[in-house]
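Trainee: Those protein sequences? They're chains A and B, same order as listed. With positions in the first sequence counted from 1, the corresponding number in this note's numbering is that position plus 4. Under this note's numbering, the residue at position 46 of the second sequence is numbered 29, and the numbers go up by one with no gaps.
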Amino acid sequence: MITSLANWILTFDILSGMGSSVAWGLSLFVVAALIFVFVAVNAIVLVYIERKVSAFMQVRLGPMRVGKFGTLQTVADALKLLQKEDIIPKMADKVLFIVGPWVILVASVVTFAAIPFSDTLLAANMNIGLYYIVSISSIVVLGIVMAGWASNNKWSLYGAMRSAAQIISYEIPVGITLIAVVAVVGSLNLQTIIEAQGGTGNLFYWIPIPLPNWFIFHNPFLFIAAFVYLIGATAEINRTPFDIPESESELVAGFMTEFSGLRWALFFLSEYANATLVAFLVAIVFLGGWQSPFADYEGTQIGFSIITLVAIMWTLFVRTKTGRLSVYPLGLSFVITIAVWLFPGFAIWLASPGIFWMLMKVGTIIFLLMWFRWTFPRLRVDQLMYVSWKVILPLSLINLMGVAIWMWLTGEIQF
Amino acid sequence: MSYFSNISSAITTLVDGMKVTMGYFVRPREHVTLQYPDEVWPIPTRNIGVGEIDSYNTIRSKLVVDFEDCIGCKACERACPVDCINIETFKAGPEEDIGTTKNDTKIKLRVTSFTIDMSECMFCDLCTHPCPEDCIHMTPDYQFISNDNVKLDVTPEERWRDRDHLIYQFSKVSPEEREQRAAEAAKVAAAKAAAMEAKKAAAEKAAAAKASAEQAALDEAAREASVVEVTQSAASMPITPPAPIGSSPQSTPLTDAISGPAPDIISVQDTTPPDDTVEKLNIPMETITSPEVSEEKPVATETTVEPEKSTDTEDSSTGETENG
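(1) Check whether the Cβ atoms of I92/A and K84/A sit closer than 7 angstroms, and answer yes or no.
(2) List the residues of chain B whose Cβ lies closer than 8 angstroms to the Cβ of W378/A, in chain order.
(3) Throw me the rounded Cβ distance for the T319/A and T4/B pair, which I believe falls under 8 angstroms.
(4) Please tell me whether M61/A has its Cβ less than 7 angstroms away from any Cβ of chain B.
(5) Looking at C-alpha atoms only, which residue of A257/A, I197/A, V79/A is the closest neighbour of Y162/A?
(6) To the nearest angstrom, how far is the alpha carbon of M260/A from that of V(-2)/B?
(7) Since I197/A is in the alpha helix (DSSP H), which residue starts that stretch and which ends it?
(8) Do you know offhand how far N332/A's Cα is from W153/A's?
(9) Could you name the residues of chain A that T72/B contacts, counting a contact when the two beta carbons are closer than 8 angstroms?
(10) Based on Cα-Cα distance, which residue from S112/A, S356/A, V113/A, D90/A lies nearest to I102/A?
(11) Roughly how many angstroms lie between the CA atoms of V35/A and A127/A, to the nearest whole one?
(12) On the three-pair Cβ rule with 8 angstroms, is the stretch 233 to 240 of chain A touching the stretch 401 to 416 of chain A?
(13) Taking only beta-carbon atoms, is L226/A less than 7 angstroms away from chain B?
(14) For K74/B, list the residues DSSP reports as bridge partners.
(15) Just checking: is the beta-carbon of R166/A within a distance shorter than 7 angstroms of some beta-carbon in chain B?
(16) With a threshold of 7 angstroms between beta carbons, is D136/B in contact with chain A?
(17) Please name the residue or residues paired with L215/A in a DSSP beta bridge.
(18) Using CA atoms only, rank isn't needed, just tell me which of E275/A, L372/A, V366/A, A10/A is closest to P120/A.
(19) Please state the DSSP three-state secondary structure of M(-16)/B.
(20) Around the C-beta of G303/A, are 16 or more other C-beta atoms found within 10 angstroms, so that it is buried, or is it exposed?
(21) Apart from the five residues just before and just after F8/B, which ones in its own chain have a Cβ nearer than 7 angstroms to its Cβ?
(22) Report yes if the C-beta distance between C110/B and D52/B is below 7 angstroms; otherwise report no.
(23) Helix, strand or coil for L46/B per DSSP?
(24) Which word fits D247/A, buried or exposed, when buried means at least 16 other C-beta atoms lie within 10 angstroms of its C-beta?
(25) Confirm, please, whether the CB-CB distance from A47/A to A27/A is below 7 angstroms.
(26) Suppose you measure from the CA of V47/B to the CA of P77/B; what does that come to, to the nearest Å?
(27) On the three-state DSSP scale, how would you describe L404/A?
(28) What's the C-alpha gap between F60/A and N217/A?
(29) With a threshold of 16 other CB atoms inside 10 Å of the CB of V344/A, please say whether the residue is buried or exposed.
(30) To the nearest angstrom, how far is it from the Cα of T223/B to the Cα of D202/B?
(31) Evaluate contact between the stretch 85 to 94 of chain B and the stretch 17 to 24 of chain B, counting only Cβ atoms and requiring at least three cross-stretch pairs below 8 angstroms.
(32) Could you spell out the range, first to last residue, of the beta strand (DSSP E) harbouring M121/B?
(33) Looking at C56/B and E103/B, is the spacing between their C-beta atoms short of 7 angstroms?
(34) Assuming Q152/B and T72/B form a contact by the criterion Cβ under 8 angstroms, report the distance between their Cβ atoms to the nearest whole angstrom.
(35) Taking 7 angstroms as the CB-CB cut-off, is L65/A touching chain B?
(36) Would you decide whether K45/B is buried or exposed? Buried here means 16 or more other CB atoms lie within 10 Å of its CB.
Structure below.
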């Protein structure tokens, strides 16, 4: 994307004299700014959605006063945070206190350089993209420890230490789970991983249910691995139920306790950037990234018809059982199905890969994370370590072995 | 084995919990949260069984005056047990037309200030019933809010409100006019006082002679009166006999011009210090039951009874000590 942008800049007559290296640097800056804008806007939107989702799950209304349905609430919050006084505690380590939030933010924003939004839209097509993302996102721990130590506050230090222990513990099962996928594809390049998931195939190779050829349906071990990865990643980004580093009821706000205003906003930004990153990784590695779930034009029509049928049956079932259910999802799927049958162009567009499908999948995973957050209670520290070392790690190891055996059995890999 | 059952039970319980939250998420929104300024709970109807009288059956949340109907009679101010109503009135000029109330009563007093301190009001409703024009009443409006202290946009009844102390001003009279009225009233009062002084100075000599003459007449009457007549006069004495004395111009120096006539007994004391009719007047009803009461005797009984009482107490005490 950077190279193509630089080439596009050089096509203008006025700008062609600047030289290719200057154009490349300029486009580098533009892409970095675009990524940062994406992260910032994404955080604002996600905070609003999260507040709404949590409100609906708790039979509340959520923000309603600022803008229509409170849509401008987070914008107002962001403006308020920007205006706030920059407070640095007297006894804090000033250098680390200032650097810490930026380390966290940079570490979480830089990972987006390797994320492919669509088959053409990505900043850097690295051949070690997956490795790069996993390793860079681990730097977040460094920033958290810096912030916690510099605050000179017991809650902050506790939070930072817990966070370090937690992230290091969960890095291992997460890494091994990703290795299982890499073992199937044979590449660390994210584009190659996504391209390997195109088309349709049978569920678990043998069961005759036509499904998209995503890795989550590729074999039963990867099916489990997807959930193992989701759990481990949730722990890695310090979200509930694994939010003991910033558990409000015990540690005030964990490593963020002493931060306010813009610095606190940076923490929030990186938190949602990390959540989005995890959602992107799940979508890329297990759900086919920017690949459409429908193979072609007819596949789209049939697929949406099936979805509508299922929606009708489910709505009727729940209505007869509880007497109350929102009909909007049913109406939406019904409208899309009619559109797909009436307008072939729309069906072709739905069947083609693109950023739409990527964002749909990412949104689903983020909603799943929010669903987790507003459903599950927080784990105890020892339970957290128990889950990591005694449940998730053995499971990921078994998955890795199982995937290898599966590949050998199905003959996809010859030794 | 418990290891695997733990994992399976964890998965099933997590799925159960997620079902619950998703059920609430998908459910159409019901009105659990009340969006306050837009939506308000209905005010409950109140019927305490006093028929159709509205002033009894309204929820008492705020005291409000229909200021156009206020005649400044201060009946509500007097009725208030906590003194939260404060009214300031000035007499309107003879050619001034302030208007009439809804009952066609002509308003004769200009009410320059009508404040209700809602932080002190205890919503007892005692002020609403004395009102002759039914202009002060309780409303069920419980929202004591406004955007600022001066301009009002919630209820149009009051002119300004002090939000810190919840003092509500209902009078529409401007502060300038209020000051002007107060100055005029002070001028009128000063003129009145001066006239009174002159009157008093002129009447002082005549009054002294008149008072002595009256006193002599009273003394004679008291001596000549029978026992029944004495008791009757003593009973009616605080009200009727001093009235002519009190109304005489000598009685005014203590009081100021605006307030009403001074208490009569004080004036009597001032005018006739040497005479003992005062003591006679001050004797309570119960003590004048004996037929031998005259104006000399009370002094004698007082002087004689006290030593008797003291001796009685001494005797009893000595007796007790002897017994002890």
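Just so you know, even glycine gets a beta-carbon here, dropped at the ideal spot from N, CA and C. This one's a predicted model, so the numbers in the text were calculated from it and none came from an experiment.
Mentor: Let me lay it out:
(1) Here residue 92/A refers to the residue found at position 88 of the first sequence. Here residue 84/A refers to the residue found at position 80 of the first sequence. Contact flag unset, no.
(2) Taking the first sequence and counting its residues from 1, the one referred to as residue 378/A is at position 374. The contacting residues are T4.
(3) Here residue 319/A corresponds to residue number 315 of the first sequence, with the count starting at 1. Here residue 4/B corresponds to residue number 21 of the second sequence, with the count starting at 1. T319/A to T4/B, Cβ: 19 angstroms. No contact.
(4) Taking the first sequence and counting its residues from 1, one reaches residue 61/A at position 57. With 7 angstroms as the cut-off, M61/A counts as an interface residue toward chain B.
(5) Here the question's residue 162/A lines up with position 158 in the first sequence. Of A257/A, I197/A, V79/A, the residue nearest in Cα terms is A257/A.
(6) The residue you call residue 260/A lines up with position 256 of the first sequence. The residue you call residue -2/B lines up with position 15 of the second sequence. About 32 angstroms.
(7) To locate residue 197/A, count along the first sequence from 1; it is residue 193. Counting along the chain, the alpha helix (DSSP H) containing I197/A begins and ends at 194 to 199.
(8) Counting from 1 along the first sequence, the entry for residue 332/A is found at position 328. Counting from 1 along the first sequence, the entry for residue 153/A is found at position 149. According to the sequence displayed, residue 332/A carries Tyr and not Asn. Roughly 49 angstroms between the two C-alpha positions.
(9) As a position in the second sequence, residue 72/B is number 89, starting the count at 1. The contacting residues do not exist; T72/B stays about 46 angstroms from chain A at best.
(10) Your numbering for residue 102/A matches position 98 in the first sequence. Ranking the options by Cα distance to I102/A, first place goes to D90/A.
(11) Taking the first residue of the first sequence as 1, we reach residue 35/A at position 31. Taking the first residue of the first sequence as 1, we reach residue 127/A at position 123. Those two C-alpha atoms are separated by around 7 angstroms.
(12) no
(13) Working through the first sequence from its first residue, we reach residue 226/A at position 222. Not closer than 7 angstroms to any Cβ of chain B, the Cβ of L226/A fails to qualify, so no.
(14) Counting from 1 along the second sequence, the entry for residue 74/B is found at position 91. Its beta-bridge partners are L92/B.
(15) On the first sequence, position 162 is the one that residue 166/A refers to. Taking Cβ atoms only, chain B never reaches closer than 7 angstroms to R166/A, which makes this a no.
(16) By 1-based counting over the second sequence, the position of residue 136/B is 153. Low per-residue confidence applies at D136/B: pLDDT is 41, beneath 50, and the placement is therefore not dependable, though the value from the model is reported in the following sentence. No, D136/B does not count as interfacial toward chain A.
(17) Taking the first residue of the first sequence as position 1, residue 215/A is located at position 211. BP columns for L215/A point to G205/A.
(18) Taking the first residue of the first sequence as position 1, residue 120/A is located at position 116. Per the Cα distances, V366/A.
(19) Your numbering for residue -16/B matches position 1 in the second sequence. M(-16)/B falls in the coil class under three-state DSSP.
(20) The residue you call residue 303/A lines up with position 299 of the first sequence. G303/A is buried by the Cβ-count criterion.
(21) For this step, residue 8/B is matched to residue 25 along the second sequence. Taken in chain order, the list of residues that qualify is empty.
(22) In the second sequence, the residue the question calls residue 110/B occupies position 127. In the second sequence, the residue the question calls residue 52/B occupies position 69. Not closer than 7 angstroms, so no.
(23) Position 63 of the second sequence, counted from the first residue, corresponds to residue 46/B. Strand.
(24) In the first sequence, the residue the question calls residue 247/A occupies position 243. So D247/A counts as buried.
(25) In the first sequence, residue 27/A corresponds to position 23, counting from 1. In the first sequence, residue 47/A corresponds to position 43, counting from 1. For A27/A and A47/A, no; Cβs fall outside 7 angstroms.
(26) The sequence position of residue 47/B within the second sequence is 64, counting from 1. The sequence position of residue 77/B within the second sequence is 94, counting from 1. Their Cα atoms are separated by approximately 30 angstroms.
(27) As a working note, residue 404/A is residue 400 in the first sequence. If DSSP states are grouped into helix, strand and coil, L404/A belongs with the helices.
(28) The residue labelled residue 60/A in the question sits at position 56 within the first sequence. The residue labelled residue 217/A in the question sits at position 213 within the first sequence. Taking the straight line joining both Cα atoms gives about 34 angstroms.
(29) The count along the first sequence starts at 1 and reaches residue 344/A at position 340. With 16 or more Cβ atoms within 10 Å of its Cβ, V344/A is classed as buried.
(30) Taking the first residue of the second sequence as position 1, residue 223/B is located at position 240. Taking the first residue of the second sequence as position 1, residue 202/B is located at position 219. At T223/B, the pLDDT of 44 sits below 50, so the modelled position is not reliable; the number obtained from the coordinates is stated separately. Taking the straight line from one Cα to the other gives about 16 angstroms.
(31) no
(32) For the purposes of this step, residue 121/B is taken as the residue at position 138 of the second sequence. Counting along the chain, the beta strand (DSSP E) containing M121/B begins and ends at 119 to 122.
(33) Your numbering for residue 103/B matches position 120 in the second sequence. Your numbering for residue 56/B matches position 73 in the second sequence. Contact flag unset, no.
(34) Looking up residue 152/B in the second sequence gives position 169. Looking up residue 72/B in the second sequence gives position 89. Rounded, the Cβ-Cβ distance is 14 angstroms, inconsistent with contact.
(35) Locating residue 65/A in the first sequence gives position 61, where the first residue counts as 1. Output row for L65/A: interface = yes.
(36) Taking the first residue of the second sequence as 1, we reach residue 45/B at position 62. It is buried - the Cβ of K45/B has at least 16 other Cβ atoms within 10 Å.
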